[in-house]
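Novice: Take a look at the following structure, please.
In the UniProt record's numbering, the protein residues as written are 1 to 322.
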């Protein structure tokens with residue numbers, strides 16, 4: 001028997017159109033949220049942060065993908081780095097499923113999620129899913145139970161962590177229901193390449209196939225709407241640090257550390273030296289302020305890095321509303 005599985009099992013091809021409509025809407029909301037923030041950044045003075053692109057790309061890859069700065073603080077940095085990498089693997093896995101289901105198979109008749117590659121694909125994604133859940137659990141314990149000094153916790157944090165845990169945990173439930181209905185009796189050997197999914201499948205093994213299909217469909221759509229909500233919420237919550245932290249690394253000042261800007265006190269054209277309003281800042285200064293307000297979502301230092309008190313929040317909110 002071929003080592004593979006039916007994509008969109010129990011959901012049907014008819015779900016593809018509404019699924020993509022909802023997904024596109026979620027991405028539009030995400031893009032709109034970031035555009036509103038970019039509109040605020042543009043109130044600042046221009047500053048060139050696109051010089052030496054090869055070096056900037058290298059910094060981005062090292063800090064974002066390599067999590068080099070995050071892992072320097074133990075143990076929270078390790079938890080965050082492994083969660084980030086595991087979530088990245090799951091994202092790539094989702095893209096591969098979409099690529100086959102919506103492009104290569106219907107247009108070219110090419111199915112690559114089969115045989116040995118599918119077995120490796122299954123076990124890697126299963127382990128990545130498990131690692132993501134474990135790391136998120138440790139991060140939640142640290143934030144909500146241990147509550148280290150300097151780690152601010154807001155309503156955003158409760159929403160974000162709950163949303164992520166629901167997305168991850170529901171994924172295993174969906175996989176377990178599918179395996180229980182399609183592989184436990186017919187192809188149990190293949191189910192072993194999804195070890196965690198197999199454990200969940202054993203929980204549902206006593207259920208009738210009709211019950212499994214109903215539960216699977218409910219959890220599948222629930223999981224999908226949670227994921228769509230996650231995408232739409234990114235720019236409107238601390239989740240935006242996913243992109244703003246990476247952008248900050250890319251737009252970093254490449255000058256030697258310790259260099260500060262100089263002011264020509266003899267320039268008669270300068271009418272003001274201090275910062276009196278938001279337009280006196282550069283766009284990067286405003287961007288850094290926004291990043292500081294979202295950084296507490298994953299802050300791993302014991303001491304606060306930049307003030308994030310109510311005054312700063314009100315100032316940002318007022319600017320955003322302009």
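Glycine included, each C-beta is placed from N, C-alpha and C at the ideal position. Here the structure is a predicted model, which is why all the values come from computation and not from measurement.
1) Do you know how far the Cα of residue 72 is from the Cα of residue 284?
2) Straight-line CA distance for residue 212 to residue 83?
3) Whole angstroms is fine: what's the gap from residue 288's alpha carbon to residue 244's?
4) Indicate whether residue 232 and residue 26 have their beta-carbon atoms separated by less than 9 Å.
5) Please work out which residues of its chain come closer than 8 Å, Cβ to Cβ, to residue 22, disregarding the five sequence neighbours upstream and downstream, and give them in chain order.
6) Which ranges does the alpha helix (DSSP H) cover as unbroken runs of at least 4 residues, wholly within the segment 204-249, from first to last along the chain?
7) Near residue 93, what residues of its chain come up, given a Cβ to Cβ distance below 6 Å and the 5 sequence neighbours on each side ignored?
8) Please return the same chain residues whose Cβ sits closer than 7 Å to the Cβ of residue 184, not counting the five positions on each side in sequence.
9) Identify whether residue 45 lies in helix, strand or coil by the three-state DSSP scheme.
10) Between residue 9 and the rest of its own chain, which residues show a CB-CB distance below 7 Å, the 5 nearest in sequence each way excluded?
11) Specify the secondary structure class of residue 63 as computed by DSSP and reduced to three states.
12) Smallest Cα separation from residue 116: which of 2, 241, 251, 278?
13) For residue 278, is the beta carbon positioned less than 8 Å from some heavy atom of the ligand ATP?
14) Tell me residue 282's beta-bridge partners as DSSP assigns them.
15) Helix or strand or just coil, what does DSSP make of residue 39?
16) Could you say if the segment 87-102 and the segment 40-51 meet the contact criterion of at least three C-beta pairs nearer than 8 Å?
17) Closest to residue 54 by CA distance: which of 282, 290, 254, 281 is it?
18) Is it true that the CB of residue 290 sits closer than 9 Å to the CB of residue 40?
19) Would a C-beta distance cut-off of 9 Å place residue 237 and residue 160 closer than the cut-off?
20) Please classify residue 13 as buried or exposed, where buried requires at least 16 neighbouring CB atoms within 10 angstroms.
21) Please return the same chain residues whose Cβ sits closer than 8 Å to the Cβ of residue 217, not counting the five positions on each side in sequence.
22) What is the DSSP secondary structure of residue 73, reduced to helix, strand or coil?
23) Do you know whose CA, among 175, 246, 256, lies nearest residue 60's CA?
24) Assuming residue 252 and residue 45 make a contact with CB atoms under 8 Å, what is their CB distance in whole Å?
25) Select from 37, 58, 24, 198 the residue whose C-alpha is nearest the C-alpha of residue 171.
26) Do you know offhand how far residue 128's Cα is from residue 278's?
27) I'd like the list of long-range same chain contacts for residue 31, defined as Cβ closer than 6 Å, with 5 residues on each side in sequence excluded.
28) Nearest to residue 123 by alpha carbon, out of 248, 250, 4, 286?
29) Assuming contact is defined by CB atoms lying nearer than 9 Å, are residue 141 and residue 168 in contact in what I supplied?
Specialist: Walking through what the data contain:
1) As a working note, residue 284 is residue 284 in the chain shown. As a working note, residue 72 is residue 72 in the chain shown. Distance between the alpha carbons of residue 284 and residue 72: 25 Å.
2) One-based indexing of the chain shown puts residue 212 at position 212. One-based indexing of the chain shown puts residue 83 at position 83. Computed Cα separation, rounded: 30 Å.
3) Here the question's residue 288 lines up with position 288 in the chain shown. Here the question's residue 244 lines up with position 244 in the chain shown. Approximately 9 Å, taken between the alpha carbons.
4) Translated into positions along the chain shown, residue 232 becomes position 232. Translated into positions along the chain shown, residue 26 becomes position 26. Yes.
5) As a first step, residue 22 is located in the chain shown; it is residue number 22 there, counting from the start. Within the same chain, residue 22 has close Cβ partners 224, 225, 228.
6) You should have 209-233.
7) For the purposes of this step, residue 93 is taken as residue 93 along the chain shown, with counting starting at 1. Closer than 6 Å at the Cβ level, and outside the excluded window around residue 93, lie 125.
8) For the purposes of this step, residue 184 is identified with residue 184 of the chain shown, where counting begins at 1. Taken in chain order, the residues that qualify are 191, 201, 205.
9) If you number the chain shown from 1, residue 45 lands on position 45. Residue 45: strand per DSSP, three-state reduction.
10) In the chain shown, residue 9 corresponds to position 9, counting from 1. Same-chain partners within the cutoff: 178, 182.
11) Sequence index remark: in the chain shown, residue 63 carries index 63 (1-based). It is helical.
12) Reading the chain shown from its first residue, position 116 is the one you call residue 116. Checking every option, the nearest Cα to that of residue 116 belongs to 2.
13) The ligand ATP is not part of the structure shown, which contains no ligands of any sort.
14) The residue you call residue 282 lines up with position 282 of the chain shown. 45, per the DSSP bridge assignment.
15) The sequence position of residue 39 within the chain shown is 39, counting from 1. Three-state DSSP puts residue 39 in a helix.
16) no
17) Taking the chain shown and counting its residues from 1, one reaches residue 54 at position 54. Comparing Cα-Cα distances from residue 54 to each of 282, 290, 254, 281, the minimum goes to 254.
18) The residue you call residue 40 lines up with position 40 of the chain shown. The residue you call residue 290 lines up with position 290 of the chain shown. In this structure, residue 290 lies closer than 9 Å to residue 40 by Cβ.
19) Stepping through the chain shown from its first residue, residue 237 is reached at position 237. Stepping through the chain shown from its first residue, residue 160 is reached at position 160. A contact, by the Cβ cut-off of 9 Å.
20) Taking the first residue of the chain shown as 1, we reach residue 13 at position 13. Its Cβ having fewer than 16 others within 10 Å, residue 13 is exposed.
21) For the purposes of this step, residue 217 is taken as residue 217 along the chain shown, with counting starting at 1. Excluding positions up to five away in sequence, the list reads 10, 11.
22) Numbered from 1 along the chain shown, position 73 holds the residue referred to as residue 73. If DSSP states are grouped into helix, strand and coil, residue 73 belongs with coil.
23) To locate residue 60, count along the chain shown from 1; it is residue 60. Of the listed residues, the one whose Cα sits closest to residue 60 is 246.
24) Here the question's residue 252 lines up with position 252 in the chain shown. Here the question's residue 45 lines up with position 45 in the chain shown. That pair is no contact at about 18 Å.
25) Here residue 171 corresponds to residue number 171 of the chain shown, with the count starting at 1. Nearest C-alpha to residue 171: 198.
26) By 1-based counting over the chain shown, the position of residue 128 is 128. By 1-based counting over the chain shown, the position of residue 278 is 278. Between residue 128 and residue 278, the C-alpha separation is close to 43 Å.
27) Along the chain shown, one-based indexing puts residue 31 at 31. Contacts found: none.
28) The residue labelled residue 123 in the question sits at position 123 within the chain shown. Out of 248, 250, 4, 286, the CA that lies nearest to the CA of residue 123 is found in 4.
29) Here residue 141 corresponds to residue number 141 of the chain shown, with the count starting at 1. Here residue 168 corresponds to residue number 168 of the chain shown, with the count starting at 1. No.
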